[in-house]
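S.K.:
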Amino acid sequence: MEGRGLRQRKRVPVDGTDSNIAMLQLVAESLGDMKRKVVFLGGTIIPFLLTRKVPLDLRPSRDVDFIVDFESKHELYEFEDGLWEQGFKRVSTGAVSKWKIDDVSVDVLPAGPVLDFNNKWCDEAMGHSRRVNIGKGMVVDIMPAHCFLGVKLTGFYRRGKDNYARSFDIYDLLVIIAGRPEIEKEIQEEASPELREYLSRELRILSGKGDDFYDLMERFCRNSEAARSVLPETLSRIRGIGGLN
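Each number in the numbering used here comes from the position in the sequence shown (counting from 1) with 930 added on.
#1: Taking Ala952 as the reference, which of Lys1019, Pro985, Arg992 and Leu980 has the closest Cα?
#2: Can you give the beta carbon distance from Val969 to Val1036, rounded, assuming they're within the 8 Å contact cut?
#3: How many angstroms separate the CA atom of Phe1000 from the CA atom of Tyr1101?
#4: Alpha carbon to alpha carbon, what distance is there between Lys1050 and Pro1111?
#5: Based on DSSP bridge pairs, tell me the residues matched to Arg1061.
#6: State the beta-bridge partners of Ile1100 as determined by DSSP.
#7: So Val1021 is in the beta strand (DSSP E); what residue range does that whole segment cover?
#8: Comparing alpha-carbon positions, which option in Glu1114, Glu1119 and Val1105 lies nearest Met1147?
#9: In three-state DSSP terms, what is Pro1040?
#10: Nearest CA to the CA of Glu1054: which residue from Gly973, Arg989, Pro1040 and Arg1134?
#11: Near Asn1063, which residues of its chain fall below 7 Å by C-beta distance, leaving aside the five closest residues on each side in sequence?
#12: Just how far apart, CA to CA, sit Phe1143 and Ser1137?
#13: Give the DSSP-derived three-state secondary structure of Ser1035 in the structure shown.
#14: Among the candidates Cys1077, Glu1114 and Ile1031, whose CA atom is the shortest distance from the CA of Leu971?
#15: Assign Val1081 to buried or exposed, taking buried as 16 or more other Cβ atoms, counted over all protein chains shown, within 10 Å of its Cβ.
#16: Compare the Cα-Cα distances from Met1073 to each of Pro1123, Thr974, Glu1155 and Gly1012 and report the closest residue.
#17: Of all the options Glu959, Leu988, Val1026 and Lys983, which has the alpha carbon lying nearest to the alpha carbon of Asn1209?
#18: Out of Ile1031, Arg982, Leu979 and Cys1052, point me to the one whose CA is closest to Ile997's CA.
#19: Throw me the rounded Cβ distance for the Trp1029 and Leu1013 pair, which I believe falls under 8 Å.
#20: Could you give the residue range of the alpha helix (DSSP H) that holds Val957?
#21: Rounded to whole angstroms, what's the CA-CA distance from Val1038 to Ser1097? Just pull it up for me.
#22: If you run the structure through DSSP and keep just helix, strand and coil, what is Lys1082?
#23: Taking just the CA atoms, how far does Leu1125 sit from Leu1133?
#24: Using a Cβ distance threshold of 8 Å, determine whether the segment 1014-1028 contacts the segment 975-983, with at least three qualifying pairs required.
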C-alpha cells in the first residue's frame, strides 16, 4: 500500500463551511448584476450541494471559481471590463483568468468556444445549473452535483498524480457522495450519457481498490468515530454509481 501513495496523507484542515460561504457571498455581492451570468463551482459551493448533514469537515477553499459562457471575444472583453468596474483586480491571464476582490482569489473559467479551456463537464453544467439561496438576500446559480463530481475527477487526474491520499479533489468527491444520498439517482436521470459513463467507470475503478480505498476513506476521517460511521454507506453509494451504465 505504501507503493501506491496511500501511507502518507495531507492533513485535512478544520471545517471550512463558514469561511467558504463567506467567500462565496463576498464574490457574489461584488459581482452585482453580473452574477446572473455566471455559474459557481469549486469548494465554496459544497455547503449548498449537501442535502444531509455528515460528520465530515469541509475543506477551506483557497478561491472562488465560476464559469461564464462566452460566444465571442467581444463578450469576453465586455465581461472583463465589467469585473474591473466592479472592483476586481486581474492577477493573471490565460484560459483560466485569475482575479482578486479584497483578499479573495477568483478564477474565471470560460465555457463555450472562445478560449481553449477543455473541461466538457463545465459546458454541461451551464445548461443544468441549480439556483440556491446563499444568504444575505442573494440567489445564485451553482454547478449541479453530478457535474461537480466529473470536474473533481478530471481535476484529480490532471493534478493528483495518482496520490489519492493527498488529493483535495478526492476528499471533496467523498464529502459530496456522503452528504447527498440522491446523487446516484441524479447521475442516472440527469447526467448526459457521456458523463454518466465517465463517472460510472472512474468510480468503479476507485471502489475496485478494495481495502486500500476503504483505508484511504478512513484516513480522511481523521480518526473520528462519527465520521467513520458514514463510510460503509458512502462506499456502497460509490459502488452503486460504478454499476450504472
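Note that the Cβ used here is the ideal one computed from N, Cα and C, for glycine as well. Treat the numbers as computed from the prediction; the structure is a model and nothing was measured.
M.R.: Inspection of the coordinates gives the following:
#1: It is Arg992 whose Cα lies nearest to the Cα of Ala952.
#2: Contact between Val969 and Val1036 is ruled out by a C-beta separation of about 14 Å, above the 8 Å threshold.
#3: The alpha-carbon atoms of Phe1000 and Tyr1101 are separated by roughly 31 Å.
#4: Cα-Cα distance, rounded: 25 Å.
#5: Note: Arg1061 sits in a beta bridge opposite Asp1071.
#6: Bridge pairing for Ile1100: absent [DSSP].
#7: Membership of Val1021 in the beta strand (DSSP E) is indicated by the continuous run Lys1019 to Ser1022.
#8: The shortest C-alpha separation from Met1147 is found at Val1105.
#9: It is a strand residue.
#10: It is Pro1040 whose Cα lies nearest to the Cα of Glu1054.
#11: Excluding residues within five positions, the ones whose Cβ falls inside 7 Å are Val1069.
#12: Cα-Cα distance, rounded: 7 Å.
#13: Strand.
#14: A check of alpha carbon separations from Leu971 across Cys1077, Glu1114 and Ile1031 identifies Cys1077 as the nearest.
#15: Residue burial annotation: Val1081 is buried, with at least 16 other C-beta atoms found within 10 angstroms of its C-beta.
#16: Among Pro1123, Thr974, Glu1155 and Gly1012, the Cα nearest to that of Met1073 belongs to Thr974.
#17: Residue numbering for the chain in the displayed model covers 931 to 1175; residue 1209 lies beyond these limits and cannot be assessed.
#18: Closest option to Ile997, Cα to Cα, is Cys1052.
#19: Taking 8 Å as the upper bound for CB-CB distance, Trp1029 and Leu1013 are in contact here, some 6 Å apart.
#20: Run containing Val957: Thr947 to Leu961, per the alpha helix (DSSP H) assignment.
#21: In this model, Val1038 and Ser1097 are separated by some 22 Å (Cα to Cα).
#22: The three-state secondary structure of Lys1082, taken from DSSP, is helix.
#23: Approximately 12 Å between the Cα atoms of the pair.
#24: When Cβ pairs closer than 8 Å are counted between the two stretches, the segment 1014-1028 is seen not to touch the segment 975-983, the count staying below three.
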